[in-house]
Ligand code: SF4
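In the numbering used here, the protein residues as written are 17 to 183.
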């Protein structure tokens, strides 16, 4: 099966903005959502790259009902809990709610406890014993939390840590 990362590997990756998108990955995601013909890109329009080489993956399925689920005990620690936050995939996330390619390009290597795998469509950050995992289709798992409140507090701290890294 083709992935968004396979298709991106065949993109120019010049991020020139000619097509009106801020980056090639945005252009690809819009193309795969049916919102941008490839000939808007100067590389495909001029024949420098072959549009036939770009094969979009199937649209991402949203997993489960949006909301917060409380899982007790945590599968990896019987004394702790896991909280799952599910976001609706929706109209604007046909190829993933989270863009792991851009996340890896912006933050990969800059936040020591953050590991991003664009090809697997997931990211993981360790914070004070908790493991926070985000999946491309729009799910976040907070594992080894003390309780639901602690899980959401750690999620908030992780988000602030990522935000601080780009500001
Ligand atoms: S015109 Fe092509 S190379 Fe430039 S940003 Fe758009 S997709 Fe990327």
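Heads up, the beta-carbon is just placed ideally off N, CA and C, and yes, glycines get one too.
Provide the residue span of the beta strand (DSSP E) that contains residue 24, from first to last. Here residue 24 belongs to no beta strand (DSSP E); instead the alpha helix (DSSP H) covers 20 to 25.
Check your reading: residues with Cβ closer than 6 Å to the ligand SF4 heavy atoms: 28, 30, 31, 32, 33, 34, 35, 37, 40, 43, 57, 58 and 59
Cβ shell of residue 20 (< 6 Å), same chain only, five flanking positions each side left out: 73 and 111
Contacting residues, own chain, Cβ-Cβ under 8 Å from residue 96 (five flanking each side not counted): 89, 90, 159, 160, 161 and 162
Classify residue 70 as buried or exposed, calling it buried when 16 or more other Cβ atoms lie within 10 Å of its own Cβ. buried
If you check the beta carbons only, do residue 118 and residue 49 fall under 8 Å apart? no
By Cβ distance below 6 Å, which residues in the same chain neighbour residue 84 in space, the five residues on each side in sequence not counted? 101
Skipping 5 residues on each side, what residues in its chain have a beta carbon closer than 7 Å to that of residue 16? Past the edges of the chain, shown from 17 to 183, lies residue 16, and the structure says nothing about it.
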